[in-house]
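Start counting the sequence shown at 1; every next residue gets the next number (this note's numbering). Just so you know, even glycine gets a beta-carbon here, dropped at the ideal spot from N, CA and C. Quick caveat, the model's predicted, so the values are computed rather than measured.
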Amino acid sequence: MKRFLALLLLGLLMPLPGQAAEPPGIPPDLQPWKDWGLARDDLWRCPLQADDKTRICAWPGTLRLDLDARGARFSQRWQVHRRSAVPLPGSAGQWPSAVRVDGKPTPVVAQGKRPVVWLEAGNHRIRGRIDWATPPSSLAIPPQTALLAVYRDGHRLDLPRDAAGRLWLQPPPSTRRGPTAKPGLHLQVWRRLQDDIPLRLETRIRLRVSGPPRERVIPLPLPAGFTPWQLHAPLPARLEPGNRLRLQLRPGTWDIRLLHRSNGPVEDLSLPPAEAPWPESEVWALAPGPTREAELAGVPRADPRQAELPAGWQRLPAWRIRPGQDHPRLVTLQRHDASRQHDALTLQRDVWIDFDGKGATLRDRIGGTLRATWRLDTTPHLALGRVTADGQERLITRLPGDARPGIEIRARSLALEAVSRIEDPARLPANGWNLPMQKASATLHLPPGWRLVALSGSGRASHSWLQRWTLLDLFLVLIFAIALWRLYGIGWGVLGLLALALAWHESG
1 MKRFLALLLL GLLMPLPGQA AEPPGIPPDL QPWKDWGLAR DDLWRCPLQA
51 DDKTRICAWP GTLRLDLDAR GARFSQRWQV HRRSAVPLPG SAGQWPSAVR
101 VDGKPTPVVA QGKRPVVWLE AGNHRIRGRI DWATPPSSLA IPPQTALLAV
151 YRDGHRLDLP RDAAGRLWLQ PPPSTRRGPT AKPGLHLQVW RRLQDDIPLR
201 LETRIRLRVS GPPRERVIPL PLPAGFTPWQ LHAPLPARLE PGNRLRLQLR
251 PGTWDIRLLH RSNGPVEDLS LPPAEAPWPE SEVWALAPGP TREAELAGVP
301 RADPRQAELP AGWQRLPAWR IRPGQDHPRL VTLQRHDASR QHDALTLQRD
351 VWIDFDGKGA TLRDRIGGTL RATWRLDTTP HLALGRVTAD GQERLITRLP
401 GDARPGIEIR ARSLALEAVS RIEDPARLPA NGWNLPMQKA SATLHLPPGW
451 RLVALSGSGR ASHSWLQRWT LLDLFLVLIF AIALWRLYGI GWGVLGLLAL
501 ALAWHESG
């Protein structure tokens, strides 16, 4: 017994194998499917900057160039999160050679007429050389690389780099080099608060950079209760914990766009004290929401035009806010009556009837504006198969106690495409969704040998067999049928009536 207890205690004290933490935000019911869902897509390994389109899978270090009369030696470190094509300095006329990654020879391939090497995930060091017979006037530098150190005979050089990414090894024609610019960084900040559910905060930062290329970490003042959502930057940039923005700067004027959304109801929009080089004041614009009229209280108003707000924001009310000093609050002035708001939607439907006529495939295009509804459900006899909204695939769900499939919508402007099946085309609904449509139209695609006889209900069908009949057609068919009856008897008259009725509108 003592031996058994000792073995049990030893097993409990033994360290368990380490496991990677589960990605946040995955519901428990979907955890068993995580590996299957990510098996063919390792993009999730890259740091999230905005949506999937703005993930950065390869982060460059400082590019060092050592120049001599015969060429240039280069070296650079890269942090790679997934297999990626890493750009090298040079171009079609200045192709890198003797390229080694972590000391191993690596082939250089062309991608968009630029040299690249493919690297696996991990930290790597790239070395190589670019040879030339006569020193060129410029050298192409990848736009992803902002930090650059150029040396000649052990002495560091300060060479100009233009907006196209070219490093000028010789002074450009018709230019004069003045004194070296001192390192400088000036920021202008504008914010736009969208009064919606959730609140959306868009921050525009204009950077004016002078001096040599360098890396800089800028603390971002942010109201409590907001989470980063998207980052768009023309420079290598990433968000770090603690609302810190890491940038690889180079001279010029650059505009950066950040999007945040609130985690819940927010009224206090106070900003923490700002650190240099953040400006002493910001200009905020408020975009009204559909459910209320609101304003920012506790801060002075600002003239949108004098504050140099972006063009699309100049018609919005604006306020000037000082981080760490002002305490703005989002105050409701008037609530809108939600019962008087109606959704304005239109439906365009394509219906393909199966060859055996026992089923049909539907493709619905729904567009318009949602004002009072945040979910779209289909009728139970429609089997919803695939839904895309605003170009993105959407998850089809069912509410507890409700058999109708549907999707959640969190945008007011709707551009939706849905593919579904119905097993009884004769009972095709005019709408099929839980919301009324201001306008609905459908195109019926019939297999060979089929014809639409009639459409029942409030709709109207063009080119149906019944609708093509006119009084003149009926009169002529009856005349021919009566003539056959009088000449050959009642049997031939009935047979002629049926034959003429079926073949009257057939072409040929």
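Output yes or no for whether 7 Å exceeds the beta carbon distance between R292 and T332.
-> yes
Could you check which residue in H381, G122, L249 has the C-alpha nearest to that of A426?
-> H381
Could you say which of T346, W374, G367 lies nearest to A430 if we only look at CA atoms?
-> Looking at the Cα atoms, T346 is the closest of the given residues.
Tell me whether the beta-carbon of R127 lies closer than 7 Å to the beta-carbon of D102.
-> No. Outside cutoff.
Within this structure, are the beta carbons of A149 and R64 separated by less than 7 Å?
-> yes
Rounded distance between the beta-carbons of A133 and G90, thought under 8 Å = Between A133 and G90 the Cβ distance is about 15 Å, and since that is not below 8 Å, they are no contact.
Just list the beta strand (DSSP E) runs in the stretch 356 to 441, keeping only unbroken ones of 3 residues or longer that don't cross its boundaries, in chain order.
-> 360 to 369, 375 to 377, 383 to 389, 405 to 408, 413 to 422
What are the partner residues of G115, as DSSP defines its beta bridges?
-> Correcting the residue type first, residue 115 is Pro in the shown sequence and not Gly. For P115, which the question treats as bridged, DSSP gives the partners A110.
The alpha helix (DSSP H) enclosing W492, as first and last residue numbers | 490 to 503
Locate the beta strand (DSSP E) running through V209, then write down its first and last residues.
-> 200 to 210
According to the neighbour-count rule (16 or more other Cβ atoms, all chains shown, within 10 Å of its Cβ), is A109 buried or exposed?
-> Correcting the residue identity first, residue 109 is Val in this sequence and not Ala. Classification for V109: exposed.
Are the beta-carbon atoms of P389 and L416 separated by less than 7 Å?
-> Checking the displayed sequence, the identity of residue 389 turns out to be Ala instead of Pro. Going by C-beta atoms, A389 is nearer than 7 Å to L416.
Go through its chain and collect everything with a Cβ distance to S84's Cβ below 7 Å, but skip five positions before and after it.
-> C57, A58, L119
So is F355 buried or exposed if we call it buried at 16+ other beta carbons inside 10 Å?
-> exposed
Which residues in the same chain have their Cβ closer than 7 Å to the Cβ of G385, if we skip the five residues on either side of it in sequence?
-> V419, S420, R421
Which residues in the same chain as V116 place their Cβ atom closer than 8 Å to its Cβ, once the five residues preceding and following it in sequence are excluded?
-> A85, V86, P87, L88, V108, V109, A110
How many Å lie between L286 and E308 at the Cα?
-> 15 Å
Do the stretch 250 to 259 and the stretch 192 to 209 touch if we need at least three Cβ pairs shorter than 8 Å?
-> yes
May I ask you to verify whether the stretch 303 to 323 touches the stretch 357 to 372, counting CB pairs closer than 8 Å and requiring at least 3?
-> no
Measuring from the CB of W33, is there a heavy atom of the ligand FMN at a distance below 6 Å?
-> Among the ligands in the structure shown, none appear at all, so the ligand FMN cannot be discussed.
Closest by C-alpha distance to R55, when choosing among G493, S138, L239 = Measuring from the Cα of R55, the nearest candidate turns out to be L239.
Nearest-angstrom beta carbon gap, R320 and P300 [assumed within contact, 8 Å] | 6 Å
Expressed to the nearest angstrom, what Euclidean distance is found between the alpha-carbon atoms of L187 and G367?
-> 40 Å
Neighbour-count burial assignment, V217, 16 or more Cβ in a 10 Å radius = exposed
Burial state of L7, where buried means 16 or more other Cβ atoms lie within 10 Å | Confidence at L7 is low in this model, with a pLDDT of 38, below 50, so its placement is unreliable and the value that follows should be read with caution. Result: exposed.
Reduced DSSP category for W33 - H, G, I as helix; E, B as strand; rest coil = The answer is helix: DSSP assigns W33 an H, G or I state.
Compare the beta carbon distance of R73 and R114 with 7 Å and say whether it is the shorter of the two.
-> Result no, Cβ atoms of R73 and R114 do not sit closer than 7 Å.
Starting from R192 and walking both ways along the beta strand (DSSP E), at which residues does that stretch end?
-> 184 to 194
State the CB to CB distance for the pair W284 and A318, rounded to an integer number of angstroms; the pair is presumed to be in contact (CB under 8 Å).
-> 7 Å
Confirm, please, whether the CB-CB distance from D377 to G401 is below 7 Å.
-> At least 7 Å separates the beta-carbon of G401 from that of D377.
Could you give the C-beta distance for G225 and S270, rounded to a whole number, given that I count them as a contact under 8 Å?
-> With a Cβ gap of about 11 Å, G225 and S270 do not count as contacting.
Reduced DSSP secondary structure (H/G/I, E/B, other) of V80 | strand
Starting from V217 and walking both ways along the beta strand (DSSP E), at which residues does that stretch end?
-> 214 to 219
Report back the beta-carbon spacing between G493 and I482 to the nearest angstrom; my notes put them in contact at under 8 Å.
-> 7 Å
Roughly how many angstroms lie between the CA atoms of V189 and L207, to the nearest whole one?
-> 9 Å
Beta-carbon separation of P323 and A274 under 7 Å?
-> yes
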